[in-house]
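2 protein chains.
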Amino acid sequence: MFSSPSHDTQHIKVAVDAIIFTVFKGELRALLIQMKKAPYEKQWAFPGGLIDNNEASEEAARRILKTQAGVEDVFLEQLATFDEPKRDILGRVISIAYLALVPHEHVQLKTTDRYMDVAWQSMKRLPKLAYDHTQVAKAALARLRSKLEYTNIAWSLLPTEFTLTELQHIYEVILDHPIDKRNFRKKILSLGLLASAKKKRKGVSHRPAELFRFKERKPVNIQML
Amino acid sequence: MFSSPSHDTQHIKVAVDAIIFTVFKGELRALLIQMKKAPYEKQWAFPGGLIDNNEASEEAARRILKTQAGVEDVFLEQLATFDEPKRDILGRVISIAYLALVPHEHVQLKTTDRYMDVAWQSMKRLPKLAYDHTQVAKAALARLRSKLEYTNIAWSLLPTEFTLTELQHIYEVILDHPIDKRNFRKKILSLGLLASAKKKRKGVSHRPAELFRFKERKPVNIQML
DNA sequence: TCAAAAGTGTTTCGAGTACACCCATGG
DNA sequence: CCATGGGTGTACTCGAAACACTTTTGA
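First to last, the protein sequences are chains A and B. According to the working numbering, the first sequence is numbered sequentially starting from 624. According to the working numbering, the second sequence is numbered sequentially starting from 624.
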């Protein structure tokens, strides 16, 4: 912990990157920014930035989510730290990556003149990403899928009230396979995580669905698959 | 990624810590060092050190395992990054923690004059640890348990040849509950991960047990529980 | 009355769990 | 011949998976 093998001092910068997912238009999408400055001009990447000297990395991630994506109160957890010495051409920067999940209704994308563009891009058709972000994206997707199977995090991708079909849709889109409706309902209801909102979805031109809420909007371990 | 919110430059050091587990004398044990220098004099901690400017953190972890514990060719994976601003009294240091697993037969502990002591300590009776290492220990144990349940990592805690009872013992000690012998054997053999070594353990004063080998000594996902 | 999604039960199959006795060896 | 751990099979239970039709609403 306290002894350095280097003879000179350490010159390494520490950043965070935020991988923000949402389900939107039938696809799992990640928030990406398109950069302006050389040498990464026009390339897409996850939002990120250096951490402050007295800031915990999770705080830094929340700050970046707020300033670069206008998002607050999201589910957030540390994903992994990426530290290949050559991952950034401009110098040694290690990045602590965070996984964030939001219901897409809660996000109002901020366009800023710092970036060429900001967009929700489908995980099935990602552009080439800057740095090692393609690898980061892969790790984030793997983490999301496994958390979906053994925790209740789906709450973080939905508004407080939702129908069972909407919830099932989250699972189908992320896990990328269809699920039997009857089995899904039996299972999710038997877990006891949901409470009826005693309301129905209205304004739809078919039979209105019952609305549900998660009893707890915080992480709980379960066994969904 | 490229814009710093700080006005002055970043002053954060980057270290790695290695949590090395082994099963030994019927207990799960971690390798700890007892420090000499103030302000951490006499306190126990996991081995660690700053990373070099051109060194990936995983390499740094391997270097530390080799120099501080005399261990090579171990299973190693990134655990998490710990970065509370006050975790080290001496200044801001973030630590990328690695989880390592070794068969205890492979380790010859090195005593060095850099530390007061180096020892395998039971996870059930850990002393107070320096820094935030108590929290690190908790995260490492949780990771180990879950990996044991859905991967074949048990290979990394055993020599190449072992008996089924020895393998079962690894599971019982780490998961901290007894397992039915017949069910365990049925399950582990049905996974097809093992091959008979066509040999028997000899020199024991009871019926000699058949020796097995893992077909692959590298990580594979399974479902053990 | 049509289109669209909501809602609902039963059967089958396989995996997990509980459980007790004989076997091979060394001392 | 005794002590010690090695090695083996069956029955039960429960959850996972497959599968199709009726209901409610708005247009």
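All C-beta atoms, glycine included, are put in the ideal place defined by N, C-alpha and C. A quick note: this is a predicted structure, and the numbers were derived from the prediction, not measured.
Buried or exposed (CB count within 10 angstroms, at least 16 for buried), residue i
i        : result
A/Ala723 : buried
A/Pro801 : exposed
B/Lys572 : Any question about residue 572 of chain B goes unanswered here, given that chain B covers just 624 to 848.
B/Leu615 : Residue numbering for chain B in the displayed model covers 624 to 848; residue 615 of chain B lies beyond these limits and cannot be assessed.
B/Ser718 : buried
A/Leu780 : buried
B/Arg831 : For clarity, residue 831 of chain B is Pro in the given sequence; the question names Arg instead. By the neighbour-count rule (16 or more Cβ atoms within 10 Å), B/Pro831 is not buried but exposed.
A/Gly649 : exposed
B/Glu678 : buried
B/Met624 : Residue placement at B/Met624 cannot be trusted, given a pLDDT of 45 that sits under 50; what the coordinates show is reported in the next sentence. With 16 or more Cβ atoms within 10 Å of its Cβ, B/Met624 is classed as buried.
A/Leu790 : buried
A/Val827 : exposed
B/His756 : buried
A/Leu764 : buried
B/Leu814 : exposed
A/Thr632 : exposed
A/His829 : exposed
A/Gln846 : exposed
Contacting residues, own chain, Cβ-Cβ under 6 Å from residue i (five flanking each side not counted)
i        : result
A/Glu839 : none
A/His630 : Low confidence applies to A/His630: its pLDDT is 47, below 50, so where it sits in the model is not reliable enough to give any reading.
A/Arg805 : none
B/Ser745 : Glu650 and Arg652
B/Ile687 : Ala641, Pro670 and Gly672
B/Pro662 : Ile712
A/His727 : Thr645 and Phe647
A/Lys660 : none
B/Lys689 : Glu695
B/His792 : none
Beta-bridge pairing of residue i - partner residues as DSSP gives them
i        : result
B/Ser819 : B/Phe835
A/Lys648 : None; A/Lys648 has no bridge partner.
B/Asp675 : For B/Asp675, which the question treats as bridged, DSSP gives no partner whatsoever.
B/Asn844 : B/Thr774
A/Lys636 : A/Val716
A/Ile643 : A/Ala723
B/Ala742 : B/Leu655
A/Leu699 : A/Ala723
A/Thr704 : A/Ile719
A/Ala668 : A/Ile656
B/Leu752 : B/Trp667
A/Phe785 : A/Phe835
Residue i and residue j closer than 8 Å at C-beta
i        : j        : result
A/Lys665 : A/Met739 : yes
B/Leu752 : B/Ala668 : yes
B/Val646 : B/Ile797 : yes
A/Val843 : A/Asn775 : yes
A/Leu749 : A/Ala760 : yes
A/Ala777 : A/Tyr794 : yes
B/Val725 : B/Ile656 : no
B/Thr786 : B/Leu848 : no
Residues near residue i in its chain [Cβ-Cβ closer than 7 Å; skip 5 each side]
i        : result
B/Ile674 : Val637, Ala638, Val639, Ser680 and Ala683
A/Lys841 : none
B/Arg783 : The residue asked about is misnamed: residue 783 of chain B is Thr in this sequence, not Arg. Around B/Thr783: Arg836.
A/Ala703 : Ala720 and Ala762
A/Tyr754 : Ala668, Arg710 and Asp711
A/Arg685 : Leu699
A/Thr788 : Ala832
B/Ala820 : Glu784, Leu834, Phe835 and Arg836
B/Asp803 : none
A/Arg766 : Leu702 and Leu722
B/Lys747 : Glu650
Cut-off 8 Å between Cβ atoms - residues of its own chain near residue i, not counting five sequence neighbours on either side
i        : result
A/Ile635 : Arg715, Val716 and Ile717
B/Met658 : Glu664, Lys665, Gln666, Trp667, Ala668, Tyr738, Met739 and Ala753
B/Gln758 : Phe705
Exercise. Are three or more beta carbon pairs between the segment 729-738 of chain A and the segment 698-714 of chain A nearer than 8 Å?
Worked result: Pairwise C-beta distances place the segment 729-738 of chain A out of contact with the segment 698-714 of chain A, as fewer than three of them are shorter than 8 Å.
For this session: Indicate whether the contact test is met: 3 or more Cβ pairs, each with one atom in the segment 801-810 of chain A and one in the segment 764-778 of chain A, closer than 8 Å.
Result: no
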